[in-house]
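Participant: Would you mind keeping the following structure in view while I ask a few things?
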Amino acid sequence: MSELIKIPMFPLSIFPMPGELVPLHIFEPRYKQLLQEAETKDIGFGIYFNHPLNETKFGSWVKLESVIKRYPGGESDIIVKCLDLFTMSSLSKTFRDKLYPGGEVQMMEVRFEPVTQIALLEKYNAFAQFMNMKSTALPNVWQVANDLNLDFASRLKLVSLDEAKRLIYLSSQLSYQLELLQHAEKSKDVFHLN
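Heads up, my numbering is the position in the sequence shown plus 526, with the first residue counted as 1.
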């Protein structure tokens with residue numbers, strides 16, 4: 527982890543994982559200002575996961591990928607991409623002289639190295655095949671997590687673990703999902719329509 531830094535902040539009830547693309551609808555004046563800064567100055571910002579489950583105060587560092595639509599009233603639909611994660615130590619109502627909030631955070635500096643554990647890769651490929659997804663030859667931990675579409679509690683658990691334990695956790699999540707998919711597949715043969 528790095529030292530504490532101050533960043534623009536957008537508190538939301540979402541927790542993007544590294545590599546994940548997230549659509550956002552921007553309509554409040556303070557976040558319109560943040561979007562304008564993100565476009566003109568190419569700055570990133572934090573999405574603090576504003577949820578009671580988030581006792582550790584995790585958040586996601588994102589950058590603007592694209593503006594999908596602009597509305598006459600100044601609202602916008604955008605896509606952001608999560609590039610890193612952080613833990614937040616404090617949240618301020620405003621960031622420097624801006625309308626939008628800011629936060630003091632410590633970046634986690636996540637790594638995007640490919641998974642090389644054979645058992646995990648076999649489970650991931652089986653899962654991708656069941657889901658009719660194009661599997662990546664050597665996905666990273668975050669690609670696997672994103673493809674599993676983990677709920678908030680599972681995302682928080684994954685992020686709180688060290689790298690070795692993340693692989694074990696993802697392996698168990700893949701096993702669980704595969705078991706559910708196999709049971710669903712078997713049940714197709716059991717039920718008959720009238």
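Cβ atoms here follow ideal geometry from the backbone N, Cα and C, with glycine treated the same way.
(1) Which complete alpha helix (DSSP H) runs does the stretch 532-612 hold, if anything under 4 residues is left out?
(2) Looking only at C-alpha atoms, which of ILE573, GLU648, GLY600 sits nearest to ILE552?
(3) Between LYS712 and LEU676, what straight-line distance do the alpha-carbon atoms span, to the nearest angstrom?
(4) Taking the C-alpha atoms as reference points, what is the distance between ILE533 and PRO544?
(5) What does DSSP give as the partner residue(s) for MET633 in the beta ladder?
(6) Which residue's Cα is closest to the Cα of VAL685: LEU647, MET657, PHE612?
(7) Here's a check: name, in chain order, each residue in its chain whose Cβ is nearer than 7 Å to the Cβ of ASN666, leaving out the five neighbours to either side.
(8) May I ask you to list the residues that DSSP assigns as paired with PRO640?
(9) Taking 8 Å as the cut-off, decide whether the C-beta atoms of CYS608 and VAL631 are in contact.
(10) List the whole-angstrom C-beta distance separating ASP603 from MET633, where the pair is believed to meet the contact cut-off of C-beta under 8 Å.
(11) Cutting at 6 Å between CB atoms, please list the residues of its own chain near PRO537, excluding the five before and the five after it.
(12) Can the beta-carbon of GLN703 be found closer than 8 Å to that of PHE653?
(13) Does DSSP classify SER618 as helix, strand or coil?
(14) Specify, as a first and last residue, the run of the alpha helix (DSSP H) that SER686 falls within.
(15) At a cut-off of 7 Å, would you count ILE605 as near the ligand COA, judging by its Cβ distance to the nearest heavy atom?
(16) Could you compute how far the alpha carbon of PRO578 sits from the alpha carbon of PHE541?
(17) Is LEU674 helix, strand or coil when you go by DSSP?
(18) Closest to GLU554 by CA distance: which of ILE531, ARG596, TYR626, THR566 is it?
(19) If we ignore side chains and look at the alpha-carbon of each, how far apart do TYR729 and GLY585 end up?
Facilitator: Let me spell this out:
(1) Those alpha helix (DSSP H) runs which fall completely within the stretch 532-612 and span 4+ residues are 555-567.
(2) For ILE552, the closest alpha carbon among the candidates ILE573, GLU648, GLY600 is that of GLY600.
(3) Within the model, the alpha-carbon separation for LYS712 versus LEU676 is close to 24 Å.
(4) When only Cα atoms are considered, ILE533 and PRO544 end up about 18 Å apart.
(5) Beta bridge pairing from DSSP links MET633 with PHE612.
(6) For the set LEU647, MET657, PHE612, the Cα lying nearest the Cα of VAL685 is the one of PHE612.
(7) Result list for ASN666: PHE638, GLU639, PRO640, VAL641, in chain order.
(8) Partner(s): ASN666.
(9) Note that the C-beta distance between CYS608 and VAL631 is not below 8 Å.
(10) About 27 Å; that fails the 8 Å criterion.
(11) Setting aside the 5 residues that flank it on each side, PRO537 is surrounded in the same chain by TYR574, ASN576, each with a C-beta closer than 6 Å to its C-beta; the list follows chain order.
(12) Cβ atoms of GLN703 and PHE653: closer than 8 Å.
(13) Three-state DSSP puts SER618 in a strand.
(14) Unbroken alpha helix (DSSP H) run through SER686: 678-686.
(15) The ligand COA is absent from the structure shown, which contains no ligands of any kind.
(16) Those two C-alpha atoms are separated by around 13 Å.
(17) It is helical.
(18) When the alpha-carbon of GLU554 is set against those of ILE531, ARG596, TYR626, THR566, the nearest one is in TYR626.
(19) With the chain represented from 527 up to 720, any question about residue 729 goes unanswered, as that position is not in the structure.
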